[in-house]
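Chains as they are written, first to last, in the numbering used here: chain A, 1 to 167; chain B, 1 to 738; chain C, 1 to 129.
We treat Cβ as the ideally placed atom computed from N, Cα and C, and that holds for glycine.
The structure presented is a predicted model; accordingly, all values stated were derived computationally and were not measured.
This report refers to the structure that appears directly beneath it.
Structure representation (structure tokens):
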């Protein structure tokens, strides 16, 4: 990943699909996108942790994002990808169904997560409308075990979404 | 412009910490040497004192730069005291020595406070500062004359105060003064000088090096070296053994000519006077300086022993310290980890190479090519192995690094406790992985404290038992195959197994029932149980909230074992057995259902065919009699809730794991092979999972988990019932996802 | 010159980071000992020499004397940095021809200010001028 993605108020997001819904995360938080390799199950780990996977000599803990945010299960197929993040020198991967594209949102496109209704989730950042579609903006860091309380963006250059965190 | 101090680049900050800790460690080491030289009646060794001074001086400079005010303030006062000591203004008494030892302790704590690891020891620093100031006030004067010697003002003018002092004391002590003159090629001056130092060293003290000439020669430099010596000129010449070095004695001036006014004494370090240097006085007698009229600074030329930092009596020893200045590189251990990773990648390449080679060889048409490729593969493998051991070597540091600190602790604790303790250290040169060394200091510290606090008896009690007043605490280290063994042994009162058992039962750590089955040795090992403490009231010393259970846990984390042997009235010996390195482990790979796991060879005793018929159930736990001993058994497939493999294994195996004296049999489905693997830590995301020490790439793109045997044994054996229930509920909670 | 590696790298970081003024874009060359300095000094023109006093082998005073004797560097500004408690040594350094001194600890601003002052002597004291 390179270059700065900030462009005034706008910010780049990576859009991906999960159980038929579209989601987006800040592009700068993603270190790399890799194909799914053999994943070794780690017994007794939290249910959304698929296991560990080797990526060019590094050890990556892979979480199934569908399970993490509790949407329905789907099998891993050729379109599946792992979004790699580096958090405190640890490599963590999130399995997603399909990576779509990079999308730039302006603040006016983003609405607070509260429009979704339902329970508040620490990882929900807001909702972006794109024509008829609705994308759920999420932050991956709070999903990790032991970091639930954290609302920081990975990489630290926290983006704030207007109204995103407001009740 | 201008960054503020606290913006100091991270890298510089890191370097600061590492340099500061090195300086503090050196300080401590030198102090011990100093104490020894004082105790042996030789008086303080000037070079050691000067080394300490220079260290504190540098530390002060550093701490100032990095905005570490406390560190800087303490160093400032300390520097004054050390300056007085090395200049002979105050004598080195035991009280002063104590203050210096205190300072080392405080330095350590301040540094860790700076890193945010603990609160700053403000009170203690203030107390120490006050004591330092009090000592400095006692300083006495020391005046002498050097001006009677035929030394050019040009020479005298560039001596630092300290150098002047050394010159003065040597002359006062009746030593002769020599001037060595030589031309050194600049390119090789360092090594040439080192050699000269080594030669001069046994017969004299080098006071200073003075470059002469006008610098017009780009390739060489003329040096004048002042040496104080008891030997005659001829002997010195012989020692120097070089025609290129001119040795001449610096004579006293002929006083009858008395043209030199009595040396104007620079008043002692008064604050303003220093500037008003006695101005250019006519001093015709010595071959005075020429045109560029060097300021005739007043005269007590002082000798110097700056280079003392590079040359003590034992030439060889000094040589080492010199090298550490010029030939070592500090490397961030993470960089080594990266190299290690790259190496892991290369092993994968090697594996692929081998597969292709084998494939080619198996076809008649390409047999030759395959053979050639196999040759290449072998060469590659050899180099790879060399690289691996090279990188591992770099990670190794001598245990002495930790041991030196412990010597100070022994001194401090025994003083506080009013006990007389002789601390004997062997094997400080034994090398071990840097990461392990760092994790070792706390456990060792605790063990040593325990030995003095609980082990060594007060003097009257020792006398009554017919033991010498001075107790002995021995710290021994040695390498044993792929392990490093560290022993802490004392000749104190020992641990009474009956008392331990009684206590354990009273505290409810062990049931009465179980207590009966313990052997005496096992009973002693109970001190490692969580929550165990042999004294009702924790003493200020070892009772600081951590016990032997922490020692055990920490060591186990490093893949090590702790054993304890004790005999009442004779003493106690605790043995730590640690892997030499954390990065590479020898493992046995095996399969449970369809998953491959690794078992560190260091924690396993043997692997045998499992006979399910021998298993019986006791208290809800499976055990079997193995080689005449009862062995608890755990089925890994069940423990890990392994999804069943498509094909059931017909025969199973039992791996007998051992940590310390405790054993556990693990039932697995298939054994694969023994191999060396690069261990990679599991990240924080998996921090909630117990039972795995890390993972490794096996070379077929698959990652295999490495069992954390100590934690598995802990889990399966200790307080089996309650513990297991707890874990289950814990796992369940995680299992739900949060 | 300065025998402590972290002090050297700290000073370098400060100096190379100066964005404007005489120091902007300066090149810093480090010497680890007096001998090292003697190897470097005769080889080139330097605009300024910065040295510690308390160093192994050749001390800072000796370096000053050497520098002042060299035809290239008779007039090169020379600044001492030292924690030296001995006022006498600082006095000697100045007497030997040092242009200015700076006591550790100092903040980056002090270093920069001192160096800028000696590099642009505006009627100020410039001994051996």
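Residue pairing by DSSP puts residue 579/B in a beta bridge opposite 483/B.
Among the residues facing chain B, residue 80/C is not included, as its CB has no counterpart in that chain under 8 angstroms away. If you compare the alpha carbons of 548/B, 427/B, 236/B with that of residue 480/B, the shortest gap goes to 427/B. Taking a C-beta distance under 8 angstroms as the contact criterion, residue 155/B and residue 87/B do not qualify as a contact pair. For residue 9/C and residue 27/C, the gap between their C-alpha atoms comes out near 13 angstroms. Below the 8 angstroms Cβ cutoff, chain B contributes no neighbours of residue 45/C, its closest Cβ being approximately 13 angstroms away. In this chain, the alpha helix (DSSP H) harbouring residue 512/B covers 512-517. Contact between residue 571/B and residue 494/B holds: CB atoms are separated by about 6 angstroms, below the 8 angstroms threshold.
Here the region 446-464 of chain B makes no contact with the region 589-603 of chain B; the two share fewer than three CB pairs at distances below 8 angstroms. Excluding five sequence positions before and after residue 92/A, the CB atoms of its chain that fall closer than 6 angstroms to its own CB belong to 61, 85, given in chain order. Inclusion of residue 77/B and residue 179/B in the CB contact set at 8 angstroms is not warranted, their separation being larger than that value. With respect to chain A, the C-beta atom of residue 707/B has no partner C-beta closer than 8 angstroms. Taking C-alpha positions only, residue 112/A is separated from residue 50/A by approximately 31 angstroms. Residue 80/A is not a Cβ neighbour of residue 136/A, given a cutoff of 8 angstroms. Following the DSSP letters along the chain, one finds residue 98/B inside the alpha helix (DSSP H) bounded by residues 94-114. The C-beta of residue 51/B has 16 or more other C-beta atoms within 10 Å across all chains shown, which makes the residue buried. Beta-bridge analysis with DSSP links residue 54/C to no other residue.
Looking at the DSSP output, residue 600/B bridges to 587/B.
Across the structure, residue 184/B and residue 71/C are spaced so that their CA atoms are roughly 20 angstroms apart. Between the region 668-676 of chain B and the region 621-628 of chain B there are fewer than three C-beta pairs closer than 8 angstroms, too few to call the two in contact. Annotation: the continuous alpha helix (DSSP H) that includes residue 443/B extends over 434-450. Assignment of residue 422/B by DSSP, reduced to helix, strand and coil, places it in the strand class. Listed along chain A are 42, 43, 44, 45, 46, 49, each with a C-beta nearer than 9 angstroms to that of residue 689/B.
For residue 25/A, the beta-bridge partners assigned by DSSP are 14/A.
The beta carbon of residue 555/B is closer than 8 angstroms to those of 443, 561, 562, 576, 578 in its chain, skipping five residues each way along the sequence. The region 16-31 of chain C makes no contact with the region 701-720 of chain B, as fewer than three CB pairs between them are under 8 angstroms.
Excluding five sequence positions before and after residue 515/B, the CB atoms of its chain that fall closer than 6 angstroms to its own CB belong to 501, 505, given in chain order. Using a CB distance cut-off of 8 angstroms, residue 222/B does not count as an interface residue toward chain C. Annotation: residue 142/A to residue 124/A spans about 9 angstroms, alpha carbon to alpha carbon.
Listed along chain B is no residue with a C-beta nearer than 9 angstroms to that of residue 31/C; the closest approach is about 12 angstroms. For residue 30/C, the CB contacts under 7 angstroms within the same chain, skipping 5 residues up- and downstream, are 8, 12 in chain order. Using a CB distance cut-off of 8 angstroms, residue 101/B does not count as an interface residue toward chain C.
From the beta-carbon of residue 702/B, the residues of chain A found nearer than 7 angstroms are 38, 40. Residue 131/A counts as exposed, since fewer than 16 other beta carbons sit within 10 angstroms of its beta carbon. Close CB contacts of residue 119/C within its chain, under the 7 angstroms cut and outside five residues either way in sequence, are with 22, 47, 48, 77 (chain order). Residue nearest to residue 34/C within the set 100/C, 67/C, 115/C, 75/C is 67/C (criterion: CA-CA distance).
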